[in-house]
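S.K.:
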Amino acid sequence: MKVDVSIDTSAFDSASTELQRQLPYAGSVALNNVAFRIRGEERSAMGRVFMNPVRLTLNSVLIGKATKRSGRAKVYIRDHATKGTAPSKYLAPAVFGTDRNVKRFERALFYAGLLPPGMYVVPGEGAKLNKHGNITAGT
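In terms of my numbering, the sequence shown opens at residue 11 and continues consecutively.
1. Using C-beta distances below 7 Å, list every residue in its chain close to residue 85, excluding the 5 sequence neighbours before and after it, in chain order.
2. Please determine, among 82, 80, 78 and 101, the residue with the shortest C-alpha to C-alpha distance to residue 89.
3. Mark residue 118 as exposed unless 16 or more other C-beta atoms lie within 10 angstroms of its C-beta, in which case mark it buried.
4. Return the CA-CA distance between residue 35 and residue 75, expressed in angstroms with no decimal places.
5. State buried or exposed for residue 92, treating a residue as buried only when at least 16 other CB atoms are found within 10 Å of its CB.
6. Using beta-carbon positions only, say whether residue 56 and residue 66 come within less than 8 Å of one another.
7. By Cβ distance below 7 Å, which residues in the same chain neighbour residue 116 in space, the five residues on each side in sequence not counted?
8. Once you ignore the five residues that flank residue 60 on each side, which residues in its own chain have a CB closer than 8 Å to its CB?
9. Just to confirm, is the Cβ distance from residue 20 to residue 78 under 8 Å?
Shown next as structure tokens:
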């Protein structure tokens, strides 16, 4: 008795080729989805940690999207601002748990002997604040 068995693998070969072609795209889509999710979590954490954060702070988490060729997504904090201080500068103490940098006028008060070392200046009771709790530009 003779038994001949043959398997037609052409369908498997074509499916395998198609999978290899689509794998980089699927990977980039997955990486981008994770990056956008991380950005959303970071924004909600900022809302919990900071009291009334300004829009520049909330929108400071940026994404470098992954492509089929790069295979890398990047989530980072904006390091430039058209006006004012860059978010990466004022968010670094909150992220890394360090003391904030001494401001120029605080340094001047320290050298004048009006501010003890290790102390910071905060708005007093009579200071006019905006809706985010910052001193108004007019003040």
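Virtual Cβ for every residue (Gly too), placed ideally from N, Cα, C.
Remember, predicted model here, so these are calculated numbers, not experimental data.
M.R.: In short, the structure shows the following:
1. Leaving aside the five residues that flank residue 85 on each side, the residues in its chain whose CB is nearer than 7 Å to its CB run, in chain order, 45, 48, 49, 71 and 73.
2. Of the candidates 82, 80, 78 and 101, the one whose C-alpha sits nearest the C-alpha of residue 89 is 101.
3. Exposed: under 16 other Cβ atoms inside 10 Å.
4. Straight-line spacing of the CA atoms in residue 35 and residue 75 works out to 12 Å.
5. Under a 10 Å Cβ-count criterion, residue 92 is classified as exposed, with fewer than 16 other Cβ atoms of the shown protein chains found around its own Cβ.
6. At a Cβ-Cβ threshold of 8 Å, residue 56 and residue 66 do not count as neighbours.
7. So the list reads 125, 130 and 131, once near-sequence residues are dropped.
8. If we look at residue 60 and ignore the five residues flanking it on each side, its Cβ neighbours are 67 and 104.
9. Not closer than 8 Å, so no.
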